[in-house]
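Novice: Have a look at this one.
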Amino acid sequence: MKEIGCYGVAGRPLRDVVALLTEAPCTLAELIAATAVPRRTVERVLDLIGPDLAADAEPFRIREDKIALYRGRIGYAQLRASSIPDPLAGQLAGRAGLVRDVARWIEAAPEPARGLDHVPATPETVVRRGLWLAATFDLAGANVLFLGDHDLTSLAVLAISPDASVAVADIDERVLAHIGTLAHDQRLQARCRYADLRFGLPAELDGWADLVFTDPPYTPEGAGLFLARGLQSLRHREHGRIVLAYGYSDRHPSLGRQVQDSMQRLGVAFEAILPRFNRYTGAQAVGSASDLYVCRPTSRTWKVLPAAHEALVTGIYTHGQQAAEAVPAALRPAAAAALAAAAAGDDEMPVAVWVTSGAPPPGWAGAKVLLETLFARGLPGRLAAGAAVADLAADPGPWLLRALLAANVRRLAIAVAPHHPDIATRRAQRELQQLVRHKFTLSFLPPAPGTEHAIVVATEDAAGDGAARLTRYVLSRAHGKIGNTWREGLIRVAGELGLDPVTKNQARALIAAAAPPDCLDTSLMSLPRQQIADLLEILAVW
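Residue numbers (the numbering used here): 788 to 1329.
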């Protein structure tokens, strides 16, 4: 145990590991979860104990004849006597039913997305978050925003503080659908919005929140981005708070410093840091735990925030094509040529614009539009009569549908990975076509020889009946408020078909009677995919 002594005042967690091994058999995962010690450090402790373990394989325990020796070495009696009780233990015990509910919700949730750095929090952690937030802040009547919520903390907060107004913004459409279904089943009011925070916040959430909770990607870029968007969402510059989960291995404190630096560059004060508050199923490299930060904006925050938004990057995760260390790969010349040819089509329509997150291919003479511009505002109106291409080779999944909603052109060709979830099966292709059928007719081209990307070709749809015209009108104005575009579409289509004129008030009344809840004040670009499908079903019968 000499090596534990080398940790000095930081050696207590390692003493906890040894203490557990004297009490009961433990698996490696159990030792990490109970102590928040990183996996490699726990493995090192097991190696040091070596022959004094009762077995060479899990579960591990110190031999009976060695227990007294090891307890003496680590000061077992003092260790256990000086442990601080969990201040939330009593409240958590009183919420055992909610913990069981959350466990079921998590069990039924979509599989964690590795490319989005999903690691699920334990059900106890999710409920403890709700209890702590309710005990720390006045949530009655407060607007609470969750930036990413694959852990379903929003639902625990609503179950504990039903008077709070909760919104969830997430890039994962599966998570949004799951939260929406659970909220409906539990009679909880949770507003779900699609958002890729790299490209901005839904407009309705800008300046909306009193309190923000987020468990961001654990990179300097990811933590900085989520914190910046959280600050942007606050409606009270002095009294708003961001509560952020972040953890790092004690073997790599420099990474912790880099992430904290990225947060402090936004001018926030760390009002509190609660160590090892969050526990996870997985993330053993950081001890299956993270700290809880309470960030308070200062006067400096509002001076540096605009520049921070301009400096945001797309590489924010720790895995996959959009990892912070990944280098975006440009389309090969053959793939770029195939994409341009698909956009031009048989009539050789001029390709006017290249949409990309990086650089267009060498020699490109047309306009270049960044993805963030397309998603935030669409394409310039002067390009609507032509053709466009979009390089979505790095699409994590939701960009393809959003690009089809955002781009108003006669013909659009989009490069995607051949395993993209919207094109990987015939069923997925049909479902995508169903969503945009009154705006575009889609065709799906496999990778051409010498290329690595499939191509989705979208061709402007023809007129159709009144329902088709109304649907196309709404789909073609994906950045506008749905209530406004729906009203304007009713008036426009009635005039085009020679029907009795529809006034604004009449249109509003018709819409109010048919509209799905909580969609009229947002845009199609921010509406979750399932809610888009629900809205289109209603429009289809008008």
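The beta carbon of each residue, even a glycine, is placed where N, CA and C say it ideally should be. Here the structure is a predicted model, which means the values were calculated and not measured.
Taking the straight line between their C-alpha atoms, what separation do you get for Thr809 and Leu818?
Specialist: So the two alpha carbons sit approximately 12 Å from each other.
Novice: To the nearest angstrom, report how far apart Pro1234 and Pro1205 are at their CA atoms.
Specialist: 7 Å
Novice: Return helix, strand or coil for Arg799, following the three-state DSSP convention.
Specialist: Secondary structure at Arg799: helix, using DSSP grouped into helix, strand and coil.
Novice: Assign Asp957 to one of two classes, buried (16 or more other C-beta atoms within 10 Å of its C-beta) or exposed (fewer than that).
Specialist: buried
Novice: How far does the beta strand (DSSP E) with Phe1064 in it extend, from its first residue to its last?
Specialist: For Phe1064, the enclosing beta strand (DSSP E) covers residues Ala1056 to Arg1066.
Novice: So, is Gln1019 buried or exposed, given that buried needs 16 or more other C-beta atoms within 10 angstroms?
Specialist: buried
Novice: Using CA atoms only, rank isn't needed, just tell me which of Arg831, Ile1210, Ala1327 and Asp1209 is closest to Ala1254.
Specialist: Ala1327
Novice: Helix, strand or coil, according to DSSP, for Lys1155 in the structure here?
Specialist: In this structure, Lys1155 counts as strand in the three-state DSSP scheme.
Novice: Run through DSSP, which three-state label would Ala1327 get?
Specialist: In this structure, Ala1327 counts as coil in the three-state DSSP scheme.
Novice: What separation, rounded to the nearest whole angstrom, lies between the Cα atoms of Asp852 and Leu1061?
Specialist: 38 Å
Novice: Would DSSP call Ala1245 helix, strand or coil?
Specialist: Three-state DSSP puts Ala1245 in a strand.
Novice: Using three-state DSSP, classify Leu1191 as helix, strand or coil.
Specialist: helix
Novice: In the structure shown, what three-state DSSP assignment does Val824 receive?
Specialist: Residue state, collapsed to three classes: coil.
Novice: Rounded to the nearest angstrom, how far is the Cβ of Tyr1104 from that of Gly1009, given a contact under 8 Å?
Specialist: 6 Å
Novice: In this structure, what does DSSP give as the bridge partners for Arg1028?
Specialist: Leu998.
Novice: With the cut-off set at 8 Å, would you say Gly1017 and Leu934 are in Cβ contact?
Specialist: Gly1017 places its beta carbon less than 8 Å from that of Leu934.
Novice: At 3 residues or longer, what runs of the beta strand (DSSP E) sit wholly inside the segment 885-932?
Specialist: none
Novice: Locate the beta strand (DSSP E) running through Ser952, then write down its first and last residues.
Specialist: Ser952 to Asp957
Novice: Taking DSSP's pairing of strands, which residues face Asp834 in a bridge?
Specialist: Partner(s): none; Asp834 has no beta bridge.
Novice: When you compare each of Ala1076, Glu1058 and Leu1053 to Lys1090 by their alpha carbons, which one comes out closest?
Specialist: Leu1053
Novice: From Leu801 to Ile871, what does the alpha carbon distance come to, in whole angstroms?
Specialist: A straight-line Cα-Cα distance of about 16 Å links Leu801 and Ile871.
Novice: Short check: CB of Ile947 to CB of Leu918, under 8 Å?
Specialist: yes
Novice: Would you call the CB atoms of Val999 and Cys979 closer than 8 Å?
Specialist: Not a contact, by the Cβ cut-off of 8 Å.
Novice: Mapping the DSSP letters down to three states, classify Tyr1104 as helix, strand or coil.
Specialist: strand
Novice: Can you tell which of Gly1251, Ile1278 and Thr1001 has the C-alpha that lies nearest to the C-alpha of Arg1295?
Specialist: Ile1278
Novice: Measure from the C-beta of His1225 to each C-beta in chain D and report whether the shortest distance is under 8 Å.
Specialist: Of the protein chains in the structure, only one exists, and it is not chain D.
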